[in-house]
Each structure stands twice: as C-alpha cells, then as structure tokens.
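Working notes, structure below.
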Amino acid sequence: MKKALKIILITLIVCISISLSSCFFGGTVVWISKEEIIDIVTQNIELLNEAPNEIKSIDNSSFYLKATNKEQIDYVSISLAPVYNRVSVSLIDDNSEKKNITKIIKSKALFKVLKIEGINAIERYYSSSGRTCILFDCGGSGIGYYYGFYYTEDNQPIGWKGKDVSFNQYKNRWIYSEAKDTEITDSSYNHLFSDNVNIYITERITDNWFYFEMRD
74 MKKALKIILI TLIVCISISL SSCFFGGTVV WISKEEIIDI VTQNIELLNE APNEIKSIDN
134 SSFYLKATNK EQIDYVSISL APVYNRVSVS LIDDNSEKKN ITKIIKSKAL FKVLKIEGIN
194 AIERYYSSSG RTCILFDCGG SGIGYYYGFY YTEDNQPIGW KGKDVSFNQY KNRWIYSEAK
254 DTEITDSSYN HLFSDNVNIY ITERITDNWF YFEMRD
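Remember, this note's numbering sits 73 above the position in the sequence shown when you count from 1.
Structure representation (structure tokens):
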C-alpha cells in the first residue's frame with residue numbers, strides 16, 4: 074500500500090513539474106510560417122518597440138568573465154525565467170555557445186514579448202562596426218534552417234547574428250551568400266537553395282524590423 078502511494082505521489086510531482094514548465098517556458102516549440110512571423114511583428118509592434126531599450130539597458134558589468142584579462146562578452150540570450158515578470162539572461166560567445174554565466178532580471182516588455190506564441194528567445198549582438206542587432210528566434214529545422222525577425226537602430230538590414238555583410242538585393246529581399254557575389258536574377262535566385270551553400274535572406278517588415286531566414 075505504501076509503495077503504491079509512493080508511486081502515485083511521484084507521478085503527481087512529475088505531472089505538476091511538466092505543467093509548470095509548460096506554463097513558464099511556453100511549452101512545446103511552435104513551428105510558424107513567414108506570414109505568421111510578419112503578423113507577430115505587425116500585431117505587437119508597440120510592445121516590440123519597448124524591447125530594444127530594455128535590452129540595451131542590461132548591465133554588462135555583471136557579465137565580466139572570471140578570467141585574467143577580464144574579457145567582456147556583449148552577446149546575450151534572453152529567455153523566460155520561472156518567475157513572473159522575470160527573464161533569464163545568459164552570455165553567448167562568438168560561436169553561439171552559451172556560457173555558464175546567467176542572471177535573472179526583472180522585466181516589463183521582455184517578459185511580455187517572450188510570452189508571445191512563436192517567439193522562443195531573444196538575442197543581442199553587436200556588429201564589428203558597432204551596429205546593434207536584436208534577434209527574435211522563432212524556430213528552425215534543427216538541420217541548419219533558422220528563421221525569425223530582428224531589430225536594427227539604423228533601419229538597415231544586417232547579416233546573420235549581427236554580422237556586417239555586403240548584400241545583393243533581389244526585389245524586396247536582401248540576400249547574402251558566400252557563393253554569390255554578383256547580381257541575382259530570377260534564374261540564379263531559384264538555384265540559390267540547391268547550391269548547398271550558406272544562404273541568408275532578409276526583408277523589411279516595417280521601420281526598423283526585418284524578417285530573416287538562414288540556411289547553412
């Protein structure tokens with residue numbers, strides 16, 4: 074009898090944990106289309122416009138690495154924390170690897186943004202020229218396909234994860250590929266995705282906000 078009660082108790086604890094995890098962290102990752110991503114931006118633009126200032130105000134000084142050279146990393150990843158009105162901020166390095174340095178901060182806009190279905194995480198990058206890119210991760214295939222949207226202060230497109238790159242323009246899209254450095258035509262555009270090379274495509278949604286997809 075005691076053994077049966079113990080099993081029931083453990084089962085209840087597991088179920089409650091799963092339920093809380095789903096509540097706090099948004100549950101299962103949802104796959105969304107380009108059109109749905111654009112809708113997320115246009116329907117939540119006032120809230121999204123509050124996010125950049127809140128992200129830029131994150132105190133970098135508490136993220137100094139415990140190293141002799143006191144190296145500072147400005148790339149950060151932001152996700153929901155298991156506390157109301159709090160987000161978890163983690164360092165990420167140049168190779169997109171999270172460092173074991175995380176803090177939980179109080180948030181207004183970021184917490185609400187991360188509760189929007191379809192947004193998995195927020196990342197902040199600085200380009201080598203000093204431009205700011207705030208990237209909103211909306212998912213990926215797990216086999217080198219990523220998509221979402223991002224914000225730039227100067228209202229100009231920027232490369233994958235805030236990289237300074239030279240774009241080729243095709244209609245309303247900006248395209249970067251290591252294998253394509255000439256003008257893109259209708260014919261060459263259709264072959265971009267069959268060349269097995271890194272392709273980054275971005276297009277404007279509205280002022281300062283851009284859709285992106287990355288295939289590597």
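Don't be surprised by glycine CBs; every beta carbon is placed ideally from N, CA and C.
Quick caveat, the model's predicted, so the values are computed rather than measured.
* Identify whether W233 lies in helix, strand or coil by the three-state DSSP scheme. => Helix at W233.
* To do: Assign T275 to buried or exposed, taking buried as 16 or more other Cβ atoms, counted over all protein chains shown, within 10 Å of its Cβ.
  => buried
* **Sequence-distant residues of the same chain with beta carbon closer than 8 Å to E226, five excluded per side** => P125, R204, T205 and N281
* Does the Cβ of K143 have 16 or more other Cβ atoms within 10 Å, making it buried, or fewer, making it exposed? -> Any reading at K143 needs caution, since the residue's pLDDT is 48, under 50, leaving its predicted position unreliable; the model's value is listed next. That one is exposed.
* To do: Identify the continuous beta strand (DSSP E) that holds F240 and give its terminal residues.
  => Neither: F240 is in no beta strand (DSSP E) and is coded neither H nor E.
* Contact under 8 Å by Cβ, I207 with N117 -> Cβ distance not < 8 Å, so I207 and N117 don't count as in contact.
* Taking G212 as the reference, give the member of G191, E119 and N228 with the closest Cα. => G191
* **Unbroken alpha helix (DSSP H) run spanning A124, endpoints** => Residues A124 to K129.
* Rank F209, F285, N122 and S201 by C-alpha distance to the C-alpha of N245 and give the top, closest one. => By alpha-carbon distance to N245, the top candidate from F209, F285, N122 and S201 is F285.
* E251 classed as buried or exposed, judged by whether at least 16 other C-beta atoms fall within 10 angstroms -> exposed
* To do: Could you name the residues of the same chain whose beta carbon sits closer than 6 Å to that of R197, not counting the 5 residues immediately before and after it, in chain order?
  => I128, V149 and I207
* Separation of E119 from T279, as counted between CA atoms -> Between the alpha carbons of T279 and E119 lies a distance of about 12 Å.
* What beta strand (DSSP E) runs, 3 residues minimum, are completely inside the region 147-232? -> 149-153, 159-165, 171-179, 194-199, 205-213 and 218-225
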